[in-house]
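Notes follow once the structure below has been shown.
Residue numbers (the UniProt record's numbering), protein chains in the order written: chain A, 1 to 398; chain B, 1 to 398.
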């Protein structure tokens with residue numbers, strides 16, 4: 001578990017968690033993030049055609065660009081639950097809005113867990129009172145813990161930013177583990193800041209940041225119905241709102257990128273059953289789209305992922321994945337490196353398999369592929385593929 | 001292992017196997033199929049941009065439409081081996097052509113096994129003499145055994161066809177197990193018949209048959225560099241060659257389809273680590289392409305495959321895969337059945353998860369998905385996903 005200083009939480013936010021036994025009793029499984037004032041809010045959502053009820057609610061609310069509260073439950077995705085699912089999500093939002101006396105559109109609801117089972121409203125609604133009443137008793141880290149499903153540690157990251165003589169904070173939490181895949185954000189991620197940012201700029205910065213972090217990780221190639229990233233900026237710091245061309249836009253962007261990348265990395269490190277973090281770097285591609293396509297073909301190959309797990313410098317499986325990626329390439333130009341050891345030179349064995357096998361015993365593997373056909377490069381994060389992944393998913397319903 | 005009557009081998013073919021210790025000693029690992037006369041030959045090959053040397057050789061030879069011999073080695077794919085790989089494949093073909101005094105273009109060479117290691121020509125060439133000298137001592141089943149890699153049983157299928165007062169035979173063998181994926185044929189498949197078929201018709205019938213058999217199976221979504229299907233028709237039966245509109249075209253097509261489908265099914269049944277055969281049927285799609293896309297998204301989902309392995313009627317994972325398949329769909333119209341038990345009705349739980357869980361203990365699972373948005377349907381075969389798949393691929397180089 002990464003270290004986290006509670007001092008690195010932005011001002012003007014309250015947190016709460018409670019036990020509603022959504023799936024089963026024994027842990028805090030509902031959580032609340034409350035901004036003390038209305039905040040600008042940005043979001044990115046799953047592109048899966050089957051969207052969970054809370055995703056639909058968030059997508060509707062976010063049109064206003066404003067937010068106040070985020071409710072999250074783990075243990076149940078409230079997906080494939082039809083009209084009842086939407087009604088349940090709305091009812092939770094209404095209760096929270098009433099409590100804080102804010103417009104219903106300012107209350108966001110997110111869910112993660114098993115698909116196709118209605119939310120146990122008979123347990124959630126009574127517990128909601130406790131959650132709301134204790135809204136100043138908990139920390140952001142407590143929320144990070146409450147939203148875990150098959151995660152083995154809470155995921156939290158933060159950055160400080162100097163804005164004039166004041167210091168603002170961006171902090172984020174997320175949950176990952178399974179159903180993590182390329183074309184979308186991770187399942188649930190919440191980022192909060194006390195820095196004032198104009199909403200349009202906030203949305204643009206978030207979209208760009210997600211593209212190069214959560215959209216460049218893959219654990220099992222399965223895209224969730226619930227993927228959501230929300231970024232709230234309540235402006236409590238009192239700075240002049242950051243716009244596209246402000247003095248501090250660059251600093252904010254850089255800090256936000258660090259937070260999203262760190263969280264994305266934590267998600268992959270905690271991939272279901274994973275023992276190794278794998279970074280697939282594709283260089284020398286004709287453009288970024290092709291570089292990404294090649295990198296994902298390699299990162300999603302079960303055969304590559306099992307080879308890395310087994311410390312097997314089986315670069316043939318990488319050549320094979322590149323070949324079926326759909327990216328035009330010249331076999332005889334390809335170079336491949338495992339953590340700096342060149343295993344393929346001009347499409348052929350470099351006779352360094354033995355050294356490479358040793359390199360693979362490391363917990364962090366970088367596979368660098370140079371296509372030598374252009375100047376674009378991309379990095380995608382993934383993890384190895386183990387018996388434990390199978391065990392988790394054959395025995396446990398996320 | 002399926003039963004096989006040796007009487008169901010077409011006339012006019014000789015078979016041979018020998019031990020060349022391609023990868024390691026202890027088993028017959030090179031094989032030969034010889035037609036006693038020049039035969040019409042049809043083929044389909046991997047669409048992987050990285051093609052093995054023997055695939056390149058076969059693709060060049062098949063332009064003539066004629067063939068006489070097929071050499072196969074297991075244990076080494078002769079892929080990513082550059083100019084040396086091509087020279088090695090040609091040298092094997094030349095030796096065989098010289099022995100049978102046929103044109104070099106009539107000798108086909110196929111390889112399967114590890115990628116990136118040159119063929120051990122110092123062991124193959126001396127053994128080739130033994131292989132050629134014993135070309136009448138072995139059976140088609142012996143060849144099926146020699147081409148196995150991680151396969152647990154040889155795969156063979158055959159059909160008889162009445163042509164006038166004579167009876168012809170189509171028989172096929174193939175190897176599968178890993179690196180099996182949608183957009184291409186299985187790794188290696190050889191089909192032989194004594195029925196005379198005009199080459200253009202043979203190619204058209206094979207292409208169509210492969211499309212609906214080998215191209216509709218998936219084990220791990222990884223496409224090989226060596227996938228090859230060859231179909232030889234030597235015409236020994238003496239019938240008037242079958243053309244596109246002959247009296248017996250339908251019967252031949254139907255028998256060929258049965259052979260390819262049976263072999264494809266055997267490949268999936270023997271998928272690496274598999275314990276269950278899964279048929280994914282998508283009905284009610286707008287067209288066949290969309291039906292296929294939806295079926296493959298489900299069939300390739302690791303989460304679906306681990307759920308079936310664990311007897312978990314987790315239909316949410318199927319809804320999720322349909323959602324990210326890229327196929328336009330209406331969630332509220334979808335019905336899903338496990339072996340006849342309806343688990344999803346109009347996109348919602350049908351509260352039959354308990355019955356479905358029992359249905360899943362069967363060794364053959366049919367997942368039927370009705371999109372209710374058109375009239376096209378497609379069936380894709382796959383298998384479940386187990387710890388054993390990981391073990392095989394983390395410890396053993398195919």
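Ideal Cβ positions, reconstructed from N, Cα and C, are used throughout, including at glycine.
Beta-bridge pairing of residue i - partner residues as DSSP gives them
i	result
residue 73/A	30/A, 111/A
residue 280/B	367/B, 380/B
residue 324/B	Partner(s): none; residue 324/B has no beta bridge.
residue 192/A	171/A, 232/A
residue 400/A	Because chain A here runs from 1 to 398, residue 400/A falls outside it and cannot be looked at.
residue 106/A	Answer is none; residue 106/A lacks a bridge partner.
residue 348/B	345/B
residue 35/B	13/B
residue 406/A	Because chain A is modelled from 1 through 398, residue 406/A falls outside the range shown and cannot be assessed.
residue 160/A	169/A
residue 18/A	30/A
residue 66/B	40/B
residue 285/B	376/B
residue 248/A	Paired residues: none, contrary to the question.
residue 405/B	Residue 405/B is absent from the model: chain B starts at 1 and stops at 398.
residue 55/B	In the DSSP output, where bridge partners are listed per residue, residue 55/B has none listed.
residue 217/B	381/B
residue 197/B	242/B
residue 138/A	15/A
CA nearest to the CA of residue i, picked from the options
i	options	result
residue 286/A	237/A, 341/A, 231/A, 373/A	373/A
residue 301/B	147/A, 19/A, 393/A	393/A
residue 8/A	198/A, 156/A, 19/A	156/A
residue 267/A	150/A, 335/A, 253/A	150/A
residue 416/B	228/B, 309/B, 202/B, 343/B	For chain B, the structure presents residues 1 to 398; residue 416/B sits outside this window and is missing.
residue 193/B	105/B, 250/B, 107/B, 259/B	259/B
residue 278/A	319/A, 288/A, 58/A, 216/A	216/A
residue 310/A	357/A, 119/A, 239/A, 136/A	357/A
residue 333/A	327/A, 341/A, 370/A, 320/A	370/A
residue 288/A	378/A, 231/A, 225/A	378/A
residue 233/A	55/A, 205/A, 210/A	205/A
residue 125/B	103/B, 94/B, 115/B, 101/B	94/B
residue 100/A	68/A, 208/A, 78/A	68/A
residue 46/A	239/B, 326/B, 390/B	326/B
residue 197/B	225/B, 189/B, 165/B, 237/B	237/B
residue 354/B	341/B, 362/B, 347/B	341/B
residue 165/A	292/A, 195/A, 103/A	195/A
residue 146/B	304/B, 385/B, 54/B, 27/B	27/B
residue 294/A	175/B, 167/B, 49/B	49/B
residue 280/B	336/B, 105/B, 227/B	336/B
residue 11/B	308/B, 191/B, 331/B	191/B
residue 87/A	56/A, 214/A, 347/A	56/A
residue 120/A	75/A, 52/A, 61/A	75/A
Interface partners of residue i on chain A, CB under 9 Å
i	result
residue 331/B	49, 50, 51, 80, 82
Listed by chain order, chain B residues near residue i by CB distance under 8 Å
i	result
residue 287/A	By Cβ distance, chain B contributes nothing, its closest Cβ being about 17 Å from residue 287/A, past 8 Å.
Listed by chain order, chain B residues near residue i by CB distance under 9 Å
i	result
residue 115/A	314, 315, 316, 317, 319, 320
Within chain A, the residues that residue i reaches when beta carbons sit closer than 7 Å
i	result
residue 395/B	310
residue 323/B	48, 49, 50, 225
residue 172/B	What residue 172/B touches in chain A: nothing, since even the nearest Cβ is about 24 Å away.
Interface residues of chain A facing residue i [CB-CB closer than 8 Å]
i	result
residue 119/B	Ordered by position in chain A, no residue passes the 8 Å Cβ test against residue 119/B, which lies about 13 Å from the chain.
Residue i: contacting residues in chain B (beta-carbon distance under 7 Å)
i	result
residue 90/A	Within 7 Å Cβ-Cβ: nothing; residue 90/A doesn't reach chain B, min ~18 Å.
residue 347/A	80, 82
Check: residue i C-beta below 8 Å from any heavy atom of the ligand COA
i	result
residue 243/A	The ligand COA is not among the ligands present in this structure, which contains no ligands whatsoever.
Return the residues of the stretch 282-316 of chain B that lie within a Cβ-Cβ distance of less than 8 Å from chain A, sorted by chain order. 300, 301, 302, 303, 306, 307, 309, 310, 312, 314, 315, 316
Between the stretch 374-391 of chain B and chain A, which residues of the former have CB atoms less than 7 Å from a CB of the latter, in chain order? 385, 386, 387, 390, 391
Using 8 Å as the cut-off, can you tell me whether the stretch 33-43 of chain A makes contact with the stretch 308-317 of chain B, which would need three or more C-beta pairs spanning the two stretches below that distance? no
For the stretch 14-22 of chain B and the stretch 122-136 of chain B, state whether three or more C-beta atom pairs, one from each stretch, are separated by less than 8 Å. yes
Contact between the stretch 250-265 of chain A and the stretch 65-81 of chain A is defined here as three or more beta-carbon pairs at a separation below 8 Å; is this criterion met? no
Pairs of beta-carbons, one from the stretch 381-392 of chain A and one from the stretch 384-391 of chain B, closer than 8 Å: are there three or more? yes
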